[in-house]
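Heads up: the structure comes next, in structure tokens.
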Amino acid sequence: ARLKAPIYVGELKRSLNKINESISHDIDFYINEVLDEFINLQFLDLFPDAMRRPSNPGQNILGDRGENLSSVLQAICENPTRKIAVLEWLKALTPMDATDLEFVTDITGKILLVLIEANGQKIPIISASDGTLRFLAMIAALFNESDDLPNFSCYFLEELDNGLHPTRLHLLIELIETRVKQTNLQIIATTHSSQLLRLLSYETLQNTSLTYRLENQPDARIKRIFDISPETETLIKEQSLARLHESGWLENIMEFSQEEE
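Everything in the sequence shown is counted per the numbering used here, starting at 747 for the first residue and increasing by one.
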């Protein structure tokens, strides 16, 4: 379910401090631990218009809607090794033949990304396609190592495959799985796409869960795929999770499990 209003962790912590005397030390400790984890969680709900806007210099954190994309990528590209990696992934993930990234300052002093293709053509970010912008934002999130970020970051992406070309989807999965292994990042993503499920590595499948809602039940539930039944892992190896999803097996097994309870 979507939150109707943003959670301001700082305000929650200040409120807790006011009632600190009535809370035991142990409870207070664990509450603050949970709130600290919330600080590390960012819900990315990317909007093309927000990503196209010029960024204020020095803004090194990607906004929830993709704000500050130009300045975040500028900070990433100050490291030559990371810039090369960004360009390589950009060329792999999009039909563009981008060979360089340029960051120009507009008349208001804000930063604007310009993509430079092999033929010399310059494409400002305001003219980039929605799919290219989405890839750029994901690259920015995955490669950002700013000191302004917490030591551990967790990004939540709803409908990961939305707006992305189907032929490039396997590369995005490869990028995410690679960066998660290399860094302290955690990615939580949702999808209804069978194609995406076919692309997941076995290691990722082990950490994949089903979100479902049973008939006449008010709440949604989450269950790890491999914990659905003793036969699930064998069935996935024989038929793939995508095939089970397409056939309706996941829905049916959860209904049958409810009836048995």
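Heads up, the beta-carbon is just placed ideally off N, CA and C, and yes, glycines get one too. Bear in mind that the values here come from a model prediction, so they are computed numbers and not experimental data.
Rounded to whole angstroms, the separation of the alpha carbons of A831 and Q867 is 21 angstroms.
Cβ-Cβ distances below 8 angstroms link A874 to R798, L861 and L882 in the same chain, with the five nearest sequence neighbours on each side left out; the list follows chain order. DSSP places A935 inside the beta strand (DSSP E), whose first and last residues are Q932 to A935. R959 has its alpha-carbon roughly 12 angstroms from the corresponding atom of N998. In the structure shown, the three-state DSSP call for E834 is helix. For A935, the closest C-alpha among the options M884, W995, N814 and T851 is that of M884.
Inclusion of V850 and L858 in the CB contact set at 9 angstroms is warranted, their separation being smaller than that value. Taking C-alpha positions only, Y901 is separated from F1002 by approximately 33 angstroms. Distance from the CA atom of T954 to the CA atom of K829, rounded to whole angstroms, is 31 angstroms. With respect to L888, T950 sits apart: the two C-beta atoms are not nearer than 9 angstroms.
D795: member of the alpha helix (DSSP H) spanning P794 to R798, first to last residue.
Shown here, P964 sits in coil according to DSSP, grouped into three states, outside any helix or strand. Distance check between N814 and each of L792, Q941 and E783 places L792 closest, using alpha-carbon atoms only.
In this structure, F972 lies near E979, with their beta-carbon atoms less than 9 angstroms apart. For D846, the uninterrupted beta strand (DSSP E) segment begins and ends at A844 to T851.
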